[in-house]
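Participant:
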Amino acid sequence: MDAFERALRHVASLSTGKPIDSRLRVTLNFHPDRLTLAKLAADGVYRSQFVTGTSNGGLTAYPGGDRWRWESRIFGGAYDSAAPDERPVYGALNFRHKAAGAAPRFGSAHLRLTEDVLSRATFCYPDSVLEPTSFGVAAKMALIELAAADTQDDLDDYIEAQVHGEVRLDRDVEALVLDPCYRGTAVETVDLPCAVEWHAGFRLTVDELRSHPDYRGPEIVALGAKIAVDGVLDPRIIGAALHTGRYDPQQIKKVWHYVARFGPPAQ
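Given below as structure tokens:
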């Protein structure tokens with residue numbers, strides 16, 4: 030039995046509830062100016078943090094690291110000796126039908142996966158970083174009621190999904206969904222074997238940013254105001270600031286949290 034089959038079986042044993050609505054989709058949110066779309070197109074496979082060494086969350090995907098330990102716990106040790114490219118990739122179940130994907134805290138773009146992927150996905154609530162005790166699979170999904178009744182911040186209210194087995198762009202992806210700030214840029218010109226769609230766009234004014242000083246702290250508000258262009262922040266502006274190398278990536282990530290939380294696209 031393959032590692033991912035053992036992982037699925039283990040999580041199923043911990044899950045309860047009715048089958049998932051097959052119309053729901055798993056989405057993989059990311060920043061398209063940081064995950065090089067040209068490389069993704071050439072490779073044809075969406076890779077996990079264990080392979081890429083990059084993440085829009087924490088960077089602990091190595092033997093003995095936090096991500097490794099969380100996976101060992103959730104999947105009953107199924108991946109403890111697995112190669113990096115055998116491990117699952119992370120997304121979220123878009124049960125709230127968000128236009129920008131289920132977990133925009135991890136990026137303005139997302140890959141919307143096909144219905145077939147549901148059968149090889151496992152789920153938890155809340156995020157695995159919090160060492161959850163509530164799990165789901167396609168055949169037994171009680172997490173939606175649990176998450177819907179919770180009072181988490183809008184950036185933390187997602188049901189985490191772990192997709193097991195390769196995620197191929199030509200087989201497993203319905204569409205790449207982008208922010209319109211990338212129209213006319215290199216991001217738009219990448220040739221992918223899936224549809225490309227656009228949501229209405231993330232956009233946050235500096236005035237609105239300044240009205241939430243306690244969300245990520247006054248120093249993050251000040252940084253956001255500094256990098257804004259014509260009094261506005263969007264994903265492209267934030268990415269450009271990061272690529273200058275002049276700012277702490279962790280602080281830039283928190284600026285993005287402001288935009289994702291207070292400037293999301295209309296549904």
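Taking the numbering used here, I'd label the letters of the sequence shown as residues 30 to 296. Yeah, the Cβ is synthetic: ideal placement off N, Cα and C, and Gly gets one too.
Roughly how many whole angstroms lie between the Cα atoms of residue 262 and residue 176?
Facilitator: 30 Å
Participant: Below 8 Å between beta carbons: does that hold for residue 118 and residue 192?
Facilitator: yes
Participant: Find the nearest neighbour of residue 160 within the set 145, 189, 166 and 285, judged by alpha-carbon distance.
Facilitator: 189
Participant: Can you say whether residue 260 is buried or exposed, counting buried as having 16 or more other CB atoms within 10 angstroms of its CB?
Facilitator: The residue is exposed, with fewer than 16 neighbouring Cβ atoms inside 10 Å.
Participant: Between 167, 183, 49 and 130, which lies nearest to residue 286 when the distance is taken from Cα to Cα?
Facilitator: 183
Participant: Assuming residue 121 contacts residue 229 (C-beta within less than 8 Å), just tell me the rounded distance between them.
Facilitator: 20 Å between Cβ atoms; not a contact.
Participant: Exposed or buried, what is residue 181 when buried is set at 16 or more other beta-carbons lying within 10 Å of its beta-carbon?
Facilitator: exposed
Participant: Report the rounded CA-to-CA distance for residue 69 versus residue 244, giving the unit in angstroms.
Facilitator: Going by the C-alpha atoms only, they are around 33 Å apart.
Participant: Whose CA, out of 145, 170, 271 and 65, lies closest to the CA of residue 219?
Facilitator: 65
Participant: Under 8 Å Cβ to Cβ from residue 102, same chain only, skipping five residues before and after it: list those, please.
Facilitator: If we look at residue 102 and ignore the five residues flanking it on each side, its Cβ neighbours are 160.
Participant: Return the first residue and the last residue of the alpha helix (DSSP H) that residue 154 is part of.
Facilitator: Note, residue 154: premise wrong, no alpha helix (DSSP H); beta strand (DSSP E) at 150-154.
Participant: Could you check how far apart the C-beta atoms of residue 146 and residue 201 are, in whole angstroms? I think they sit under 8 Å.
Facilitator: 5 Å
Participant: Rounded to whole angstroms, what's the CA-CA distance from residue 248 to residue 255? Just pull it up for me.
Facilitator: 11 Å
Participant: Only counting runs of 3 or more residues, tell me where the beta strand (DSSP E) segments fall wholly within the region 147-191, in order along the chain.
Facilitator: 150-154 and 163-166
Participant: Ordered along the chain, which non-local residues of its own chain (more than five positions away) have a Cβ less than 7 Å from that of residue 210?
Facilitator: 230, 263, 264 and 265
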